[in-house]
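Visitor:
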């Protein structure tokens, strides 16, 4: 349609405009909710774009355009005449929601919790080179991303009441050619749920089927000598975990439209020093709340806000100062910190110690471990590691060593000796709202200076990954010796719909999987080690935490998660060696 020539040669489709107005190449199949993916390269002064929901009108055609022309990137509603010439173009109103439906133009849309949102930098266009483009239209929101950039081209409201339907098409105009390759499309109206699978090395127990929490912890809550499980508003009584009791008044959340408000993270420990384990909850944009164990009384627990707000989705309970009591590592207003109760007033405001200055930590990616071998725990983030000062130091904040341990950062980062060379390495998810898992091999030069070399374990859907396994949205992880060989392994899961019921994140509707990656020391592998994945379950995933410990004392590591699919225990099977 219009004034352009199109040809297909060696897996590429090339469009050449006959006039600056250009023309279109349209499919003969109509779709409503769809994804289209391609690589493109413009030469000279070409203009290009992708149209979706292109449908005939009395005067010609209308549709939704993802404009890819340099300097003109954006999302538009356009109209064409019968000859394919553009007659009208309106920029789509920005979508004020992460869910599938755009808010009315006059809606008072609440802010994302903790100032969070899909966010990210704009598209980065590579002039004269290949660029990737992903465009997804679902219900009444069109989203597009170029070259995998967070936020990409953004999201716009289609204003067609979710009824738009039509062809996919490619546009070329201006004065140069456009080349498309690696083109694919998907009918998003078809949803698929794979058959449920559980590893033969684990027995699954579903404690409930409701969405209460992304966090999970364990302690002997009622002091009967048996470990209990804590997830959100409940503690589940061991050893069978079929009975539960409220810590605070329970209310389920909607996976489509809500985060796990009161319980992103759970931790259990005797914070008040009375001999009974207490519980704290935390999460991005949420207060850190202490729930005090009622010491056997049949009632809900008293609660106290001990830190007004955290900015991190990941917090960790680790002994930072070596006093034998665990401390809470988290971000507070962008400042990486550790906090502990005032022993004279444990239910009052906790004492906060700064690790970093301003902008020291983002929402995702946090770990604790001894990087430099001085016996003191250091803290790692997606952008580097903080070296704990020696005991007695008057240094106000810790020394920061920049390293790229991820893009936007992922889940809990593991610090351990992966390859057996005596130096602690780092294992980390790279992007909680994208793809990526890697381990970072610690190196030291002749002067003892520390650096890290990245070894990819899992990239994205277009790469060759360990075991052929690829999944996105890695939000919950931990380390633990699953196979009993004395070497820690890495356990990690996908948080299904981590930005709610939408295509804000890539492969958001992929199976909610939980995997463990066996650490195999292999001198022939890059860095002297490799990671071998094994599926634990494909219908649970992970929330913000993965708990790994031997719950029943049989010598096998058990794994627990709480997600928008419910709360689960995966009982490990003792292995004969």
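Residue numbers (the numbering used here): 37 to 613. Just so it is clear, CB atoms sit at the ideal spot from N, CA and C, and this is done for glycine as well.
1) Is residue 198 near the ligand ADP - that is, is its Cβ less than 7 angstroms away from at least one heavy atom of it?
2) Would you check if the distance between the CB atom of residue 201 and the CB atom of residue 176 is smaller than 8 angstroms?
3) How many angstroms separate the CA atom of residue 513 from the CA atom of residue 290?
4) Return the chain-ordered ranges of every alpha helix (DSSP H) run that is complete within the region 519-550 and spans a minimum of 4 residues.
5) With a Cβ-Cβ cutoff of 8 angstroms, do residue 337 and residue 391 count as a contact?
6) If you compare alpha carbons, which of 538, 451, 498, 447 is closest to residue 578?
7) Judging by CA-CA distance, which residue of 135, 115, 67 is the nearest neighbour of residue 126?
8) Mind the definition here: the region 582-599 touches the region 312-325 only if three or more C-beta pairs lie below 8 angstroms; say whether that holds.
9) Check residue 502 in the structure and name its three-state DSSP category.
10) With a cut-off of 8 angstroms on the beta carbons, I'd call residue 40 and residue 52 a contact; round off their distance for me.
11) Mark residue 166 as exposed unless 16 or more other C-beta atoms lie within 10 angstroms of its C-beta, in which case mark it buried.
12) From the DSSP output, in three-state form, read off residue 562 for me.
13) Take every Cβ of the region 379-390, pair it with every Cβ of the region 333-350, and state whether three or more of those distances are shorter than 8 angstroms.
14) In or out: residue 394 buried (at least 16 other Cβ within 10 Å) or exposed?
15) Output yes or no for whether 8 angstroms exceeds the beta carbon distance between residue 190 and residue 129.
16) Could you name each continuous beta strand (DSSP E) segment of 3 residues or more that falls completely within the region 413-457, going from the start of the chain to the end?
17) Span of the beta strand (DSSP E) holding residue 89?
18) Return the bridge partner residues of residue 60 from the DSSP annotation.
19) In three-state terms, what does DSSP make of residue 495?
20) For residue 21 versus residue 350, is the C-beta spacing smaller than 8 angstroms?
21) For residue 606, count the other beta carbons within 10 Å of its own beta carbon; 16 or more makes it buried, fewer makes it exposed. Which is it?
22) How about residue 99 and residue 89: do their beta carbons lie closer than 8 angstroms?
23) To the nearest angstrom, report how far apart residue 101 and residue 173 are at their CA atoms.
24) Using the Cβ count rule (16 or more neighbours within 10 Å means buried), how would you classify residue 379?
25) Looking at the structure shown, is residue 602 part of a helix, part of a strand, or coil, going by DSSP?
26) Output yes or no for whether 8 angstroms exceeds the beta carbon distance between residue 304 and residue 267.
27) When we look at the beta-carbon of residue 497 and count the other beta-carbons within 10 Å, is it buried (16 or more) or exposed?
Guide: Quick answer:
1) Although the ligand ADP was asked about, the structure shown includes no ligands whatsoever.
2) Counting from one through the chain shown, the residue named residue 201 turns up at place 165. Counting from one through the chain shown, the residue named residue 176 turns up at place 140. Taking 8 angstroms as the Cβ cut-off, residue 201 and residue 176 do not qualify as a contacting pair.
3) Reading the chain shown from its first residue, position 477 is the one you call residue 513. Reading the chain shown from its first residue, position 254 is the one you call residue 290. Spanning the two alpha carbons is a distance of roughly 23 angstroms.
4) Secondary structure within the region 519-550: not one fully enclosed alpha helix (DSSP H) run of 4 or more consecutive residues is present.
5) The sequence position of residue 337 within the chain shown is 301, counting from 1. The sequence position of residue 391 within the chain shown is 355, counting from 1. For residue 337 and residue 391, no; Cβs fall outside 8 angstroms.
6) Looking up residue 578 in the chain shown gives position 542. Considering only alpha carbons, the answer is 447.
7) Residue mapping note: residue 126 aligns to position 90 of the chain shown, counting from 1. Here the closest residue by C-alpha is 115.
8) Not touching, per the Cβ criterion.
9) Position 466 of the chain shown, counted from the first residue, corresponds to residue 502. Helix, per DSSP.
10) For the purposes of this step, residue 40 is taken as residue 4 along the chain shown, with counting starting at 1. For the purposes of this step, residue 52 is taken as residue 16 along the chain shown, with counting starting at 1. That belief holds up - the Cβ atoms of residue 40 and residue 52 are roughly 6 angstroms apart, short of 8 angstroms.
11) Within the chain shown, the letter at position 130 stands for residue 166. Counting Cβ neighbours within 10 Å, residue 166 comes out exposed, since fewer than 16 surround it.
12) Start at 1 with the first residue of the chain shown, and residue 562 comes out as number 526. Three-state DSSP puts residue 562 in a helix.
13) yes
14) Start at 1 with the first residue of the chain shown, and residue 394 comes out as number 358. Exposed, since its Cβ has fewer than 16 Cβ neighbours within 10 Å.
15) Position 154 of the chain shown, counting from 1, holds the residue named residue 190. Position 93 of the chain shown, counting from 1, holds the residue named residue 129. Against a cut-off of 8 angstroms, the Cβ pair of residue 129 and residue 190 comes out as no contact.
16) As far as the region 413-457 is concerned, its whole beta strand (DSSP E) runs of at least 3 residues are 414-417, 420-423, 435-438, 448-452.
17) Residue mapping note: residue 89 aligns to position 53 of the chain shown, counting from 1. It spans 82-92 - the beta strand (DSSP E) in which residue 89 sits, taken as one unbroken run.
18) What you label residue 60 is simply residue 24 of the chain shown in a count that begins at 1. Beta-bridge pairing links residue 60 to 207.
19) To locate residue 495, count along the chain shown from 1; it is residue 459. Residue state, collapsed to three classes: coil.
20) An answer regarding residue 21 cannot be provided, because it is not within the stretch 37 to 613 covered by the chain.
21) Locating residue 606 in the chain shown gives position 570, counting from the first residue. A residue is called buried once 16 or more other Cβ atoms fall within 10 Å of its Cβ, and residue 606 is buried on that count.
22) Against the chain shown, residue 99 aligns to sequence position 63. Against the chain shown, residue 89 aligns to sequence position 53. The answer is yes: Cβ separation under 8 angstroms.
23) Residue mapping note: residue 101 aligns to position 65 of the chain shown, counting from 1. Residue mapping note: residue 173 aligns to position 137 of the chain shown, counting from 1. Their backbone Cα atoms lie some 11 angstroms apart in a straight line.
24) Numbered from 1 along the chain shown, position 343 holds the residue referred to as residue 379. Exposed: under 16 other Cβ atoms inside 10 Å.
25) Against the chain shown, residue 602 aligns to sequence position 566. In this structure, residue 602 counts as strand in the three-state DSSP scheme.
26) The sequence position of residue 304 within the chain shown is 268, counting from 1. The sequence position of residue 267 within the chain shown is 231, counting from 1. No.
27) Working through the chain shown from its first residue, we reach residue 497 at position 461. Residue 497 comes out exposed.
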